[in-house]
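Asks: In this note's numbering, the protein residues as written are 208 to 509.
This is the structure in structure tokens:
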């Protein structure tokens with residue numbers, strides 16, 4: 208739909224410029240026609256690129272046992288910071304691939320922030336996001352190339368954390384609100400991983416129970432394994448004592464595959480609480496095994 212909208216916009220722009228060129232005549236006509244042809248060509252290129260990206264994602268999912276969702280908004284409100292703090296009339300994720308990599312649940316998707324007018328797209332910002340899930344929700348920590356860190360630290364109001372490695376400090380800025388937490392995460396094993404060549408120039412973040420990285424534009428599945436190596440590698444190197452501390456503080460992520468717990472009436476499909484135990488009426492539920500056992504008037508149990 209978005210690609211067809213872009214093609215309609217490009218064709219419409221070409222027709223409109225053609226009419227203007229006809230009215231003006233002369234050299235201006237050729238200039239306007241050339242501009243219109245460029246606009247239309249860009250719209251067609253975007254449509255073809257989007258279709259190719261979607262086809263490659265669908266084939267990857269089929270070949271590797273991952274899931275492919277063409278369009279969703281499930282990640283729109285989960286994270287903070289760029290690109291998730293950008294606002295538009297339509298914010299969504301396209302071509303979401305989800306699966307396991309190196310024993311860790313991972314995902315990649317195109318994050319689209321679109322401005323629309325009268326149902327037609329006027330502009331869109333596109334980013335490729337790749338993430339590795341964590342077992343706990345950790346405070347936000349940004350790891351960005353050194354030349355970007357100063358401005359980001361000012362924007363976040365966080366602390367720029369330096370470590371004992373000169374090579375690391377020359378390449379990276381680590382920004383967190385809690386200095387102790389930042390030093391706990393960026394230990395020698397993490398420093399070693401972040402000095403590897405495949406991370407250079409990337410922006411990383413720990414936030415919302417995940418390690419994520421992003422870049423402007425779409426990135427295809429041909430570079431997915433390298434991106435997954437980075438986010439999964441960083442996730443594995445978060446020290447165990449950090450994970451344990453936040454788990455004990457109640458920050459554990461819910462396991463979507465865990466069996467439901469609670470009495471039968473609370474875990475039966477189709478009931479009001481949508482298969483999630485709420486504890487409503489739990490005191491009464493302990494007294495009666497099922498609704499049929501509920502006492503009638505005059506029953507001594509009442």
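A virtual CB, placed ideally from N, CA and C, is assigned to each residue, including glycine.
#1: Counting C-beta neighbours from all protein chains within 10 Å, is the total for residue 374 16 or more, i.e. buried, or is it exposed?
#2: Where residue 207 and residue 393 are concerned, what is the direct C-alpha to C-alpha distance, given to the nearest angstrom?
#3: By the DSSP assignment, the alpha helix (DSSP H) with residue 397 in it spans what residues?
#4: Which stretch, first to last residue, makes up the beta strand (DSSP E) that contains residue 275?
#5: Buried or exposed: which applies to residue 312, given that a residue is buried once 16 or more other Cβ atoms fall within 10 Å of its Cβ?
#6: On the three-pair Cβ rule with 8 Å, is the region 372-389 touching the region 312-323?
#7: How long is the line joining the alpha carbons of residue 400 and residue 419, rounded to whole angstroms?
#8: Give the range of the alpha helix (DSSP H) segment to which residue 450 is assigned.
#9: In the DSSP assignment, find the beta strand (DSSP E) that holds residue 299 and state where it starts and stops.
#10: Any contact between the region 269-283 and the region 396-413? By contact I mean 3 or more CB pairs, one from each, below 8 Å.
#11: By a C-beta neighbour count over all protein chains shown, 10 Å radius and 16 as the cutoff for buried, is residue 353 buried or exposed?
#12: Taking 6 Å as the limit between beta carbons, can you name the residues of its chain near residue 320, skipping five residues before and five after?
#13: So residue 414 and residue 286 are in contact, right, with Cβ under 8 Å, and what is the actual spacing, rounded?
#14: If we ignore side chains and look at the alpha-carbon of each, how far apart do residue 460 and residue 272 end up?
#15: How about residue 316 and residue 421: do their beta carbons lie closer than 7 Å?
#16: Is residue 312 helix, strand or coil when you go by DSSP?
#17: Just the Cα atoms here: how many angstroms apart are residue 395 and residue 444?
Replies: So, from the data block:
#1: Reading the chain shown from its first residue, position 167 is the one you call residue 374. Answer is exposed; the Cβ neighbour count stays below 16.
#2: An answer regarding residue 207 cannot be provided, because it is not within the stretch 208 to 509 covered by the chain.
#3: As a working note, residue 397 is residue 190 in the chain shown. According to the DSSP assignment, residue 397 belongs to the alpha helix (DSSP H) that extends over 395-401.
#4: Position 68 of the chain shown, counting from 1, holds the residue named residue 275. 274-279 is the extent of the beta strand (DSSP E) around residue 275.
#5: For this step, residue 312 is matched to residue 105 along the chain shown. Under this definition residue 312 is a buried residue.
#6: Inter-segment contact for the region 372-389 and the region 312-323 is absent: fewer than three beta-carbon pairs are separated by less than 8 Å.
#7: Within the chain shown, the letter at position 193 stands for residue 400. Within the chain shown, the letter at position 212 stands for residue 419. Residue 400 and residue 419 have their C-alpha atoms spaced approximately 15 Å apart.
#8: Counting from one through the chain shown, the residue named residue 450 turns up at place 243. Where residue 450 is concerned, the enclosing alpha helix (DSSP H) starts and stops at 447-455.
#9: Walking along the chain shown from the start, residue 299 turns up at place 92. Residue 299 -> beta strand (DSSP E) spans 297-308.
#10: These segments do not touch.
#11: As a position in the chain shown, residue 353 is number 146, starting the count at 1. Exposed is the label assigned to residue 353, since fewer than 16 other Cβ atoms lie within 10 Å of its Cβ.
#12: Within the chain shown, the letter at position 113 stands for residue 320. Within the same chain, residue 320 has close Cβ partners 293, 295, 298, 332.
#13: As a position in the chain shown, residue 414 is number 207, starting the count at 1. As a position in the chain shown, residue 286 is number 79, starting the count at 1. Correct: roughly 5 Å between the Cβ atoms.
#14: Here residue 460 refers to the residue found at position 253 of the chain shown. Here residue 272 refers to the residue found at position 65 of the chain shown. Going from the Cα of residue 460 to the Cα of residue 272 covers about 24 Å.
#15: Within the chain shown, the letter at position 109 stands for residue 316. Within the chain shown, the letter at position 214 stands for residue 421. Going by C-beta atoms, residue 316 is not nearer than 7 Å to residue 421.
#16: Position 105 of the chain shown holds residue 312. Looking at residue 312 - three-state DSSP - the assignment turns out to be strand.
#17: As a position in the chain shown, residue 395 is number 188, starting the count at 1. As a position in the chain shown, residue 444 is number 237, starting the count at 1. Each residue's alpha carbon lies about 10 Å from the other.
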